[in-house]
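Asker:
Chains as they are written, first to last, in our numbering: chain A, 36 to 349; chain B, 18 to 160; chain C, 4 to 157.
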């Protein structure tokens, strides 16, 4: 009984839904505030993302008549639950250090769920804008998923075929050439997955009139925004655990170091977001397949050589 | 007033519709949304779809061609919402008073669909961005 | 070509014109009747050659006029051809779109607003009036009662 209650608490409050939501909304405020400061303006007040979600929950929900109603309603819920599960799993690995072999594969699968949900939701709205947005998101996912998985394979090779996140989180692959290459590529892939400029092709505001999420309103749009906020927690945390040496929650110096690593990745994402224009979908695919692909092939070769000859800085 | 209106006042997302304007007011609206006037401190964001919007910024006199489309856009905005008529033409047809192409000022067109619509007026030709911000803040404060 | 050569060139079609006037150094006005406008336009566009800028429709009280404005960029001058349409009941003129595709939309607009029929126009559709505007009502004619706007639309 208490075991069940404990699991419920773990999933709903900490580090599950409520904790991830609050941290995610604070992180999205940080993104907006830093973007404002970079543009020499003041930016939104601290509670602004909370007000946004609250306001969206209070609006009426309009469902298009010709759309697929069930898919329309369930797509955001599926996306949100995927991100929620990922974030809970990662926090559990950081805090309680209990894990299972192959959990990095589960994490990669769970990271695909929000993009899939976007594609499904966009296709289920009976709108040509949403359809173009979802087709472009499909192409974008095909582009960066390969690069992301290859980047993680570099890390797995460097750790000697270790598939358990708790063990991977002990080492810092970024302090080597192949690790650094893989880290840089994975930052760009995370940028695309979060839907930040230069890869916010699916939700291109000025081009497509809001693209994929065009027909969503009210509480369903609130779920999408919550999902995007939670992705801001889960994905950089995943990068911290894979590349930067994990998030040790022992009080207080390691915790501060962990938070510092998370903030570092967030700041990198914000700076790339504010200094780049949006790219076209064919440019994006060429970028991920050709440039990132070649970089990662070089990184895999270097990692294998380094592993075989026990050179740690390769 | 309820938490719905309170949170709407804290975070009004705007959608811009041009029903036959000369584009002066549209240029000023776009100016208003640039980093110089920083409307993000008030929570205002320009959205690309009427389904995400809380406030409709309407410019231009209500032409016959645009009247039905404006009513359709208004119906697609999830209620509660506010309509801002920007510029002299949207307020009361401006200099196009007896034009052959005018279906009426924007508030008459909106009131045909929804007699209880909340409509605010920002006069000017075109209104300065400061005037628009002041108008939005005052309107949201009195709702 | 300088102005002298331009004037000589324009005199080649003198027999179809009813008047040539030069009000300023870079402004030439040619007038003709609507029957000859197609040939003169073809000459101006292809043989001189001039660049077509825009066309204008005017409702004078006893006739219609269609003005075709051409630019001669080497001298920076504008040459306008005024074609008079004397028939007020069924105003008609030959369309110049077959050899000048850039005139297609302006002729559609003049037709919408003034009711001048352009013969042989490939795509005569409504351009700028509202979709539910009644047929046969031309807003910018002098006898259009602009105060009776609401009755027209009902």
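Glycine is no exception: its CB is placed at the ideal position from the N, C-alpha and C atoms.
1) Inspect the beta-carbon positions of residue 75/B and residue 110/B and report whether they are closer than 8 Å.
2) When the Cα atoms are used, what is the spatial distance from residue 54/B to residue 142/A?
3) By DSSP, does residue 131/C sit in helix, in strand, or in coil?
4) Just reading off the alpha helix (DSSP H) that residue 91/B is part of, what are its end residues?
5) What would DSSP say about residue 144/C, mapped onto helix, strand or coil?
6) With distances taken from CA atoms, which of 278/A, 274/A, 200/A is nearest residue 136/A?
7) In the DSSP output, what is residue 76/B paired with across the bridge?
8) Nearest by alpha-carbon distance to residue 134/C: which of 39/B, 31/B, 42/B, 84/B is it?
9) Nearest-angstrom Cα distance between residue 109/A and residue 174/A?
10) What three-state label does DSSP hand residue 124/C in the structure shown?
11) DSSP has residue 62/B in a bridge; who is on the other side?
12) In chain A, what lies closer than 7 Å to residue 86/B by C-beta?
13) Beta-carbon separation of residue 67/B and residue 101/B under 8 Å?
14) Put residue 329/A into one of helix, strand or coil per three-state DSSP.
15) Can residue 349/A and residue 340/A be called in contact, C-beta distance under 8 Å?
16) Pairing CB atoms from the segment 267-285 of chain A with CB atoms from the segment 48-67 of chain A, are three or more of them under 8 Å?
17) By a C-beta neighbour count over all protein chains shown, 10 Å radius and 16 as the cutoff for buried, is residue 177/A buried or exposed?
18) State buried or exposed for residue 347/A, treating a residue as buried only when at least 16 other CB atoms are found within 10 Å of its CB.
19) Residues of chain B with CB closer than 8 Å to the CB of residue 134/C, please, in chain order.
20) Say whether chain C places a C-beta atom closer than 8 Å to the C-beta of residue 117/B.
21) Closer than 9 Å, Cβ to Cβ, to anything on chain A: give me those residues from the segment 122-154 of chain B, in chain order.
22) Going along chain B in order, which residues have a C-beta closer than 8 Å to the C-beta of residue 172/A?
23) Roughly how many angstroms separate the alpha carbons of residue 157/C and residue 141/B, rounded to a whole number?
24) Is it the case that the Cβ atoms of residue 260/A and residue 88/A are separated by a distance below 8 Å?
25) Per DSSP, what kind of secondary structure is residue 7/C in: helix, strand or coil?
26) How about residue 113/B and residue 78/B: do their beta carbons lie closer than 8 Å?
Answerer: In short:
1) No; because the gap between Cβ atoms is not below 8 Å, this pair is not in contact.
2) Distance between the alpha carbons of residue 54/B and residue 142/A: 43 Å.
3) When secondary structure is reduced to three states using DSSP, residue 131/C falls in the coil class, being assigned neither helix nor strand.
4) Unbroken alpha helix (DSSP H) run through residue 91/B: 81-93.
5) Coil.
6) Looking at the Cα atoms, 200/A is the closest of the given residues.
7) Per DSSP, the beta-bridge partners of residue 76/B are 35/B, 103/B.
8) The closest CA to that of residue 134/C, considering only 39/B, 31/B, 42/B, 84/B, is found on 84/B.
9) Roughly 22 Å between the two C-alpha positions.
10) Coil, per DSSP.
11) 30/B, per the DSSP bridge assignment.
12) None at all; the shortest Cβ gap to chain A is about 14 Å.
13) Not closer than 8 Å, so no.
14) Three-state DSSP puts residue 329/A in a helix.
15) In this structure, residue 349/A places its C-beta atom within 8 Å of the C-beta atom of residue 340/A.
16) Yes, the segment 267-285 of chain A touches the segment 48-67 of chain A.
17) The C-beta of residue 177/A has fewer than 16 other C-beta atoms within 10 Å across all chains shown, which makes the residue exposed.
18) It is exposed - the Cβ of residue 347/A has fewer than 16 other Cβ atoms within 10 Å.
19) Neighbours of residue 134/C on chain B, chain order: 82.
20) Put simply, the CB of residue 117/B is near chain C, with a gap under 8 Å to one of its CB atoms.
21) Across the segment 122-154 of chain B, no CB contact with chain A closer than 9 Å is found for any residue.
22) Correct list: empty, because the minimum Cβ distance to chain B is about 16 Å.
23) With a pLDDT of only 48 at residue 157/C, under the threshold of 50, the placement of this residue in the model should not be trusted; the figure read from the coordinates follows. The straight-line gap separating the alpha-carbon atoms of residue 157/C and residue 141/B is approximately 32 Å.
24) With contacts defined by Cβ atoms closer than 8 Å, residue 260/A and residue 88/A form a contacting pair.
25) Looking at residue 7/C - three-state DSSP - the assignment turns out to be helix.
26) Cβ atoms of residue 113/B and residue 78/B: closer than 8 Å.
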